[in-house]
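Asker: Got a structure for you, written out below as structure tokens; questions coming shortly.
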Amino acid sequence: MQNTTMQSIKLKTLDNITFDVSPATVKCSSTIQEMLLECEVENGAAIISLPDVHSTTLAKILIWAEHHKDEPVPVRREEMGDNTLTLSPWDIEYFKMDLTLLFDLMNAAENLDIEGIVHGSCKTVADLIKGKTTAEMREIFNIRCDLPGPNDYNNNNN
Numbered sequence: 002m003q004n005t006t007m008q009s010i011k012l013k014t015l016d017n018i019t020f021d022v023s024p025a026t027v028k029c030s031s032t033i034q035e036m037l038l039e040c041e042v043e044n045g046a047a048i049i050s051l052p053d054v055h056s057t058t059l060a061k062i063l064i065w066a067e068h069h070k071d072e073p074v075p076v077r078r079e080e081m082g083d084n085t086l087t088l089s090p091w092d093i094e095y096f097k098m099d100l101t102l103l104f105d106l107m108n109a110a111e112n113l114d115i116e117g118i119v120h121g122s123c124k125t126v127a128d129l130i131k132g133k134t135t136a137e138m139r140e141i142f143n144i145r146c147d148l149p150g151p152n153d154y155n156n157n158n159n
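Position in the sequence shown counted from 1, then plus 1, gives you the numbering used here.
Here it is, written out as structure tokens:
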């Protein structure tokens, strides 16, 4: 059972940066909640290592978590059914970021089981490519087209 005297949680990133956060801030992460059950507690603070999360990404996650800490944890994607996700104006602004950071955020949120960030980041990417041509999507995601051009085919009928 989680230690009720825990005053703060220390999250240590892959680049060895430590963040002090309140238990309320990280309630959005099922993974961190499970880790709290087995972590060491030192001077009233739990210490959790996040070896796959960079400090830049965790800082961005904690901004979202702090803003949403008083809200109920979002339902899992499987439970949403056909309901369309609507982002708040704050979330729309939050998810406006460099695509590299957005994908890092998406991966970290998936690993930490933070449904709200997973939902919001996926919706942001979906909205970004909605109505775009294949060429426009390749440009957005910086994907090189490696399909052969019309002059690359051998015109021999043999």
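Just so you know, even glycine gets a beta-carbon here, dropped at the ideal spot from N, CA and C.
(1) When the Cβ atoms of the segment 23-33 are set against those of the segment 97-115, are three or more pairs found closer than 8 angstroms?
(2) Is it buried or exposed, Ile10, if we count other Cβ atoms within 10 angstroms and call 16 or more buried?
(3) For the segment 51-62 against the segment 137-145, are there 3 or more C-beta pairs whose distance is under 8 angstroms?
(4) Whole angstroms are fine: how far does the CA of Leu148 sit from the CA of Lys131?
(5) Just to confirm, are Cys29 and Ala66 a CB contact at a threshold of 8 angstroms?
(6) What separation, rounded to the nearest whole angstrom, lies between the Cα atoms of Thr125 and Leu38?
(7) If you measure between the beta carbons of Ile62 and Leu106, is that distance less than 8 angstroms?
(8) Within 10 angstroms of its Cβ, does Thr58 collect 16 or more other Cβ (buried), or is it exposed?
(9) Look at the alpha carbon of Trp27 and the alpha carbon of Thr135, and state the distance between them as a whole number of angstroms.
Answerer: Concretely, from the data shown:
(1) Under the Cβ criterion (8 angstroms, minimum of three pairs), the segment 23-33 counts as touching the segment 97-115.
(2) Of the other Cβ atoms in all chains shown, 16 or more fall within 10 Å of the Cβ of Ile10; this residue is therefore buried.
(3) No, the segment 51-62 is not in contact with the segment 137-145.
(4) C-alpha separation (whole angstroms): 23 angstroms.
(5) Yes, they are a contact pair.
(6) If you draw a straight line from the Cα of Thr125 to the Cα of Leu38, it is about 33 angstroms long.
(7) For Ile62 and Leu106, yes; Cβs fall inside 8 angstroms.
(8) Counting C-beta atoms within 10 angstroms of its own C-beta, Thr58 has 16 or more neighbours from the protein chains shown and is therefore classed as buried.
(9) What sits at residue 27 in the sequence shown is Val, not Trp. Rounded to whole angstroms, Val27 to Thr135 spans 38 angstroms at the Cα level.
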